[in-house]
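K.L.:
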Amino acid sequence: MPEEGRFALLYDIIFGRLLAGVQQKISGMVMKNGCKRIADMGCGTGAQLALLKRLDAIGIDRSPLMLKAAKKKGVECIMGDISSTPFPSSYFDCLIYSFVLHPNTEAKIKEIIEEGKRILKENGCFV
256 MPEEGRFALL YDIIFGRLLA GVQQKISGMV MKNGCKRIAD MGCGTGAQLA
306 LLKRLDAIGI DRSPLMLKAA KKKGVECIMG DISSTPFPSS YFDCLIYSFV
356 LHPNTEAKIK EIIEEGKRIL KENGCFV
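Numbering (the working numbering), first residue to last: 256 to 382.
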């Protein structure tokens, strides 16, 4: 099991208040840019997705426990690797990456970014 999943049940309790302001700003950026179809890459417990419920937003994460917590919020999310997603090319208006790049190697970060470039529409919003 991915290490980050071990604390899924406590994640929102511990980090929720700290991240709420950032998540509100991200939601505002998404709305301001008129994004309709959004992917939360490494969605974790789905807190960011919950703020985007009115839009066509989906999350992807590799942790079953994080996804279980996210689904309790009534958001759409799937299990997967953000460096190799099942989404078609040029599909999303916006991609959100929150706290998912830093634990990876430089090579893995490059794979993640390349995959994002593939699935993001031209002139799409990268947060």
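The beta carbon of each residue, even a glycine, is placed where N, CA and C say it ideally should be.
Is it right to say A325 is buried, meaning 16 or more other beta carbons lie within 10 angstroms of its own, or is it exposed?
P.N.:
By 1-based counting over the sequence shown, the position of residue 325 is 70. The residue in question, A325, is buried, as its Cβ has 16 or more Cβ neighbours within 10 Å.
K.L.:
May I ask you to report which of helix, strand or coil DSSP gives G299?
P.N.:
The count along the sequence shown starts at 1 and reaches residue 299 at position 44. For G299, the secondary structure class from DSSP, reduced to helix, strand or coil, is coil.
K.L.:
Flag this pair as yes or no: are the beta carbons of V330 and L304 separated by less than 8 Å?
P.N.:
Here residue 330 refers to the residue found at position 75 of the sequence shown. Here residue 304 refers to the residue found at position 49 of the sequence shown. Less than 8 Å divides the Cβ of V330 from the Cβ of L304.
K.L.:
Check for me: the beta strand (DSSP E) holding K376 runs from which residue to which?
P.N.:
Locating residue 376 in the sequence shown gives position 121, counting from the first residue. Looking at the DSSP string, the run of the beta strand (DSSP E) that includes K376 is 375-381.
K.L.:
Apart from the five residues on each side of it in sequence, which residues of its chain come closer than 8 Å, Cβ to Cβ, to N359?
P.N.:
The residue given as residue 359 occupies position 104 in the sequence shown. Answer for N359: I367, listed in chain order.
K.L.:
Using only the alpha-carbon positions, how far apart do N288 and D348 sit?
P.N.:
Looking up residue 288 in the sequence shown gives position 33. Looking up residue 348 in the sequence shown gives position 93. Going from the Cα of N288 to the Cα of D348 covers about 9 Å.
K.L.:
Suppose contacts are defined by Cβ-Cβ distances below 8 Å. Is G379 in contact with M296 by that definition?
P.N.:
The residue labelled residue 379 in the question sits at position 124 within the sequence shown. The residue labelled residue 296 in the question sits at position 41 within the sequence shown. The answer is no: Cβ separation not under 8 Å.
K.L.:
Can the beta-carbon of A294 be found closer than 8 Å to that of F342?
P.N.:
As a first step, residue 294 is located in the sequence shown; it is residue number 39 there, counting from the start. As a first step, residue 342 is located in the sequence shown; it is residue number 87 there, counting from the start. In contact: A294 and F342 (Cβ atoms closer than 8 Å).
K.L.:
Mapping the DSSP letters down to three states, classify R272 as helix, strand or coil.
P.N.:
Start at 1 with the first residue of the sequence shown, and residue 272 comes out as number 17. It is helical.
K.L.:
Please report the straight-line C-alpha distance between S339 and D316, rounded to a whole angstrom.
P.N.:
Position 84 of the sequence shown, counted from the first residue, corresponds to residue 339. Position 61 of the sequence shown, counted from the first residue, corresponds to residue 316. The straight-line gap separating the alpha-carbon atoms of S339 and D316 is approximately 11 Å.
K.L.:
Name the residue from A312, K323, A302, K365 whose alpha carbon lies nearest to the alpha carbon of M286.
P.N.:
By 1-based counting over the sequence shown, the position of residue 286 is 31. Taking only the C-alpha atoms, the option nearest M286 is A312.
K.L.:
Between the beta-carbon of G301 and the beta-carbon of K280, is there less than 8 Å?
P.N.:
Here residue 301 is taken as the residue at index 46 of the sequence shown, counted from 1. Here residue 280 is taken as the residue at index 25 of the sequence shown, counted from 1. Taking a C-beta distance under 8 Å as the contact criterion, G301 and K280 do not qualify as a contact pair.
K.L.:
Provide the residue span of the alpha helix (DSSP H) that contains L350, from first to last.
P.N.:
Residue 350 sits at position 95 when you count from the first residue of the sequence shown. Element bounds for L350: not the alpha helix (DSSP H) but the beta strand (DSSP E), 347-352.
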